[in-house]
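Student:
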Amino acid sequence: MAASMLAEWIKSQQLRGPAAKGATTFHRNLEEALDVRRRGHGLYALKKSLWRNGAAVDFNSSDALSLGASGRLRAEFNKELERYPDLPPGPTSSRIMDGNYEYLEMVEEEIARFHEAETALFLGSGYDANVAVFCAIPRPGDAILYDELIHASAHDGIQQSQVACRIPFHHNDVEAFRDALESIVHSQPLIRQGKRCVIVAVESVYSMDGDICPLQDLIDAVKEIMPVGSTQFYVDEAHATGVLGPRGGGLVHELGVEKEVAIRLHTFGKALASTGAVVLGSKTVKSALINFARGIIFTTAPGFPTVAAVRSAYTLMATGQTMQAQETIQVVVRYFFEAIASNPTWQEAENHGILSVPLSYNWKQKPFVSHIVPICTRPQYSYWLVFHLAFRKLSTYPLEYPVIPKGQSRVRLTFHSHNTKEQIDELISAICNWAQEMMEIELGQGEINRIPKAARQVYSLMNSDNMIE
Ligand SMILES: Cc1ncc(COP(=O)(O)O)c(C=O)c1O
1 MAASMLAEWI KSQQLRGPAA KGATTFHRNL EEALDVRRRG HGLYALKKSL
51 WRNGAAVDFN SSDALSLGAS GRLRAEFNKE LERYPDLPPG PTSSRIMDGN
101 YEYLEMVEEE IARFHEAETA LFLGSGYDAN VAVFCAIPRP GDAILYDELI
151 HASAHDGIQQ SQVACRIPFH HNDVEAFRDA LESIVHSQPL IRQGKRCVIV
201 AVESVYSMDG DICPLQDLID AVKEIMPVGS TQFYVDEAHA TGVLGPRGGG
251 LVHELGVEKE VAIRLHTFGK ALASTGAVVL GSKTVKSALI NFARGIIFTT
301 APGFPTVAAV RSAYTLMATG QTMQAQETIQ VVVRYFFEAI ASNPTWQEAE
351 NHGILSVPLS YNWKQKPFVS HIVPICTRPQ YSYWLVFHLA FRKLSTYPLE
401 YPVIPKGQSR VRLTFHSHNT KEQIDELISA ICNWAQEMME IELGQGEINR
451 IPKAARQVYS LMNSDNMIE
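Just so we're aligned: 449 in full-length UniProt numbering is position 449 of the sequence shown, and the numbers increase by one with no gaps anywhere.
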C-alpha cells in the first residue's frame, strides 16, 4: 500500500512538457509551467492519505486533540444537527445581503465570550480571514511589521494591503523586532506623530517550525518604543486553537493579554477538526471587515453545517472535555524529545549533521511544547526519510522550498493525544534506522552511489508496474 502510493507520487513528478508537444498551446503551456514544479519534485498531487486508509499511524494531520479520530466531534455534531432539524444547509446569500441568520450570530457571540473578545466574525477559512484582515484593516499610511515566517495567507493579504510600508523582522527575534519598529518610527513621520499605525502580525505557534511567539516580550517592547495605541497586534492563533491556553483558548488567553491584542484569528481546520475561522476584535474591527473586505462582501455566508461543527467543538472545549487531550499532547511530545535524545544513533546522526530537532533543545525548561515538531535534514533527504517512515507504516510530511526557505529540508511531525508510547518508540526506531543507513551511505560504506533502501523499493515498483509512461 505505502509503496504503490509513493510510486504514484513519484510518477506524478515526471516531466510532461515534452510529451505534451501535440497538445493545444493552452495545455502545453500549463504542462510546461507544471514541469517547473516537477523538476524540483515539488508538484502537488491529490494523493490518497496513508493514515486515512489505515495503512499508517498518523503523525501528519492537524487533529492534535484527536477530536476527528476519536469520533467525539462527530457525536457532538450529530446532536447539534438534531437540535436544529429545520435549518437549511446554505444561507443562499452574502452576509451583508440577507445571508445573516440567528444561529450564526449566536455562535459568534458564544465564541467571542469563550475567548473574552468583544466580537467574533465567522469566515469560510483561515486563508480567507487573513486576506480579509490585511485588505480591510490597515489604512493608507499605516505600516505592517510582520514575522518573516507568518503563513502564506497572511503574506497574500499583506501584499494586497494599502499600507505605506511592509517590514518583515527576523523570526521570533525580539531585538530584530525592536530595531525594525524603531526604524519605522524614524522613517514614517505620521506614525511618529501618532496619526498612523503600525500593525504587528505574528502567529502563536508557527506552522512549519512549531515554535511559539515571544508575544509578551514583543508587547513590552512596543510599550517602550511607541506612542500609546498607535501599534496594534494581530495574532494568528491557527495552531494554538484548542491546544494552548485555558481550555484551548489560545496564546493570548494563556498570557492574559486580550486587551493588548487588537485582532486574533482562530481557525477550525486544525485541532478542532472542522473548517472555517473567526476573527476576534472590537465592534469597530468587525464593522471594518464587513465593509471593506471584498472576500466577505462578495461571498456566501458560512453555512449551518460548518458553523454547527465548530459549535460542537467549542461545546467540548468549554465544558472541559478537551483538557485531558491538551495535557496528553504535552506528555506525548516530551516523551518523544526525551526518547529520541537518548538514542545513541540519533546522537551520532546529529553530530554528523544528518538530523536535528531544534525544538528538543531545552524542552525541559519550556512551560509548553507544541504538537508540531520538524526534523531538520539535508536538502532533498526529507523525501527519503518520508519514504522510509511510510514503509514502517508511519505517515509524515516532507517540507521543501517553497513551503520553507530555500536550502532547508524538513520532515514535519504532528503529534496527537491519541499517539501511544509504542507508536512513538516505533517512530524513533524508524528515524534512527534511516539515519544509520544515511551515515553509511555518506561515509561510502557498502555499494558505491547507492540510494537508501526505501527509495530503491519505490523506484523499482515504478519500473516493475510499468508506471513510467
Ligand atoms: C498559521 C496559519 N494561518 C492560517 C491558515 C489557513 O487556515 P485555513 O486552513 O482555515 O484556511 C493556516 C493553515 O495552514 C495556518 O497554518
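Quick reminder that beta carbons are idealized off the backbone N, C-alpha and C, glycines included.
#1: Out of Y103, Q14, T396 and S153, state which residue places its alpha-carbon closest to the alpha-carbon of Y127.
#2: Between V357 and I372, how many whole angstroms is the CB-CB distance? I'm expecting something under 8 Å.
#3: Could you compute how far the alpha carbon of T328 sits from the alpha carbon of S230?
#4: What residue range is occupied by the uninterrupted alpha helix (DSSP H) comprising D35?
#5: For a quick check, are the C-beta atoms of A7 and V458 less than 8 Å apart?
#6: State yes or no: is the C-beta of G248 nearer than 7 Å to some heavy atom of ligand 1?
#7: Measuring only from the beta carbon, is H239 closer than 7 Å to any heavy atom that is part of ligand 1?
#8: Does the beta carbon of D236 fall short of 7 Å from some heavy atom of ligand 1?
#9: From I468 to V386, what does the alpha carbon distance come to, in whole angstroms?
#10: With a threshold of 16 other CB atoms inside 10 Å of the CB of D211, please say whether the residue is buried or exposed.
#11: Assign I29 to one of two classes, buried (16 or more other C-beta atoms within 10 Å of its C-beta) or exposed (fewer than that).
#12: Can you give the Cα-Cα distance for I10 and L43, rounded to whole angstroms?
#13: Whole beta strand (DSSP E) runs in the stretch 107-141 with 3 or more residues, listed along the chain?
#14: May I have the straight-line CA-CA distance separating I404 from A120, to the nearest angstrom?
#15: For residue 487, list the residues DSSP reports as bridge partners.
#16: Identify which residue in R378, L316 and Q347 has its Cα closest to the Cα of E80.
#17: Name the two residues that bound the continuous alpha helix (DSSP H) containing D156.
#18: How many angstroms separate the CA atom of V252 from the CA atom of H239?
#19: Out of L244, A3 and T300, state which residue places its alpha-carbon closest to the alpha-carbon of K48.
#20: Do you know how far the Cα of N351 is from the Cα of V261?
#21: State the Cα-Cα distance for the pair D63 and V411, rounded to the nearest angstrom.
#22: Closer than 8 Å by C-beta to F391: which residues in its own chain qualify, once you throw out the five before and the five after it? Chain order, please.
#23: Are there any heavy atoms of ligand 1 lying less than 7 Å away from the beta-carbon of S61, as far as the coordinates show?
#24: With DSSP as the reference, label Q232 as helix, strand or coil.
#25: Within 8 Å, do at least three Cβ pairs link the stretch 212-231 to the stretch 153-167?
#26: Is any heavy atom of ligand 1 found at a distance shorter than 7 Å from the C-beta of G194?
#27: Does DSSP classify I225 as helix, strand or coil?
#28: What do you reckon, is the C-beta of H151 under 7 Å from a heavy atom of ligand 1?
#29: Roughly how many angstroms lie between the CA atoms of N78 and A69, to the nearest whole one?
#30: Measure from the alpha carbon of T284 to the alpha carbon of each residue in E118, V228, A435 and A129, then state which is nearest.
#31: If we count the other Cβ atoms within 10 Å of its Cβ and call it buried at 16 or more, is Y361 buried or exposed?
#32: Expressed to the nearest angstrom, what Euclidean distance is found between the alpha-carbon atoms of Q321 and G248?
#33: Using the rule of at least 16 other Cβ atoms within 10 Å of the residue's Cβ for burial, across every protein chain shown, is K21 buried or exposed?
#34: For P302, which of helix, strand or coil comes out of DSSP?
#35: Report back the beta-carbon spacing between P91 and A301 to the nearest angstrom; my notes put them in contact at under 8 Å.
#36: To the nearest angstrom, how far is the alpha carbon of S409 from that of I111?
Tutor: Quick answer:
#1: S153
#2: The pair is not a contact, with the Cβ atoms about 11 Å apart (cut-off 8 Å).
#3: 40 Å
#4: T25 to R39
#5: yes
#6: no
#7: yes
#8: yes
#9: Bear in mind that a pLDDT of 40 at I468, under 50, signals an unreliable position, so the number given afterwards is only what the model happens to contain. So the alpha carbons of these two residues sit roughly 21 Å apart.
#10: buried
#11: The question names Ile, yet the displayed sequence has Asn at residue 29. So N29 counts as exposed.
#12: For I10 and L43, the distance between alpha carbons rounds to 10 Å.
#13: Runs found: 119-123.
#14: 31 Å
#15: The chain is shown only over 1 to 469; residue 487 falls outside these bounds and no answer can be derived.
#16: For E80, the closest of R378, L316 and Q347 by C-alpha to C-alpha distance is L316.
#17: A152 to Q160
#18: 13 Å
#19: A3
#20: 42 Å
#21: 17 Å
#22: A2, A3, A454 and Q457
#23: no
#24: strand
#25: no
#26: no
#27: helix
#28: Yes, the beta carbon of H151 sits closer than 7 Å to at least one heavy atom of ligand 1.
#29: The straight-line gap from Cα to Cα measures roughly 15 Å.
#30: E118
#31: It is exposed - the Cβ of Y361 has fewer than 16 other Cβ atoms within 10 Å.
#32: 11 Å
#33: So K21 counts as exposed.
#34: coil
#35: 4 Å
#36: C-alpha separation (whole angstroms): 38 Å.
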